[in-house]
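Just add 281 to the spot in the sequence shown (first one is 1) and you have my numbering. The structure appears below as structure tokens.
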Amino acid sequence: MSTTLAARRYAKALLSLARQQQTLTEVRADVNALQALLESSQDFHRFVTESIGLDEERIRVIRTLFSGKIQDATFKSLLYMESSHRMALLPDMLSAFRRMHDELQNIQHLDIVSAIPLSDPQKQVLEDKFAKKLGCSVVATHRVNPKLLAGFRVRAGDTIFDATVDTQLRQLRRAMMSA
């Protein structure tokens, strides 16, 4: 079984358990906290990705770090992954869980790249328009690419909405050459 498939299965099981226990919001917060811990602590990242130490010691570390501090569903998932020698899948499992949770909550992530920095009201207008167009809530990441002449480009999943002057000029050039 591929590691991504296994990670998705663990994520799906955690999502199902969280829904069953009606702790979905809290488990999402746990997932975000675990992701932040993985990114900020080299020791924790090494603990997760490398099987260093005896099984009993590793389970004791998980109990010490997380018992009573995270939701029961999250805690049991960590223990199960460790006892199955699959803790190295945790980063992929967390990513898969976030994607599944967002899909369940009808949340779409946008990557908005503009030629110049957008003001907060401009960002809000863009986000509102795309939320309406896509029929869902959106979470946007804004970036600036000074190489763009003007305009913006939005990636929503596998779809790209391109409103840059560069693209419009290319389309105009093609239209003129084919006429």
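Virtual Cβ for every residue (Gly too), placed ideally from N, Cα, C.
Check: Which two residues bound the contiguous alpha helix (DSSP H) that contains H326?; Outcome: 323-330
Check: Along the beta strand (DSSP E) that carries I388, what are the first and last residues, could you check?; Outcome: 388-395
Check: Residue ranges of each alpha helix (DSSP H) run of no fewer than 4 residues wholly in the segment 334-361, ordered along the chain?; Outcome: 336-347
Check: Considering T448, what are the terminal residues of the alpha helix (DSSP H) in which it resides?; Outcome: 446-459
Check: DSSP puts A437 in a beta bridge; with which residues?; Outcome: L391, T440
Check: Under 6 Å Cβ to Cβ from A444, same chain only, skipping five residues before and after it: list those, please.; Outcome: G432, F433
Check: When DSSP builds the beta bridges, which residues end up paired with A421?; Outcome: L391
Check: What does the alpha-carbon distance come out to for the pair V446 and V435?; Outcome: 14 Å
Check: With a threshold of 7 Å on Cβ separation, who are the neighbours of F378 within its own chain once the five nearest residues in sequence on each side are excluded?; Outcome: A292, L295, L296, V312
Check: Whose CA, out of I397, I441, K350, H423, lies closest to the CA of Q405?; Outcome: H423
Check: Assuming K299 contacts L370 (C-beta within less than 8 Å), just tell me the rounded distance between them.; Outcome: Going by the sequence as given, residue 299 is Ala instead of Lys. Their Cβ separation, rounded to whole angstroms, is 18 Å, which puts A299 and L370 out of contact at 8 Å.
Check: Do Q389 and A421 count as a contact pair if the criterion is CB distance below 7 Å?; Outcome: no
Check: By the DSSP assignment, the alpha helix (DSSP H) with P398 in it spans what residues?; Outcome: It is not in any alpha helix (DSSP H) - P398 carries neither H nor E in the DSSP assignment.
Check: Going straight from the alpha carbon of T399 to that of T304, what length do you get?; Outcome: The residue asked about is misnamed: residue 399 is Leu in this sequence, not Thr. So the alpha carbons of these two residues sit roughly 37 Å apart.
Check: Alpha helix (DSSP H) containing M374: first to last residue?; Outcome: 371-385
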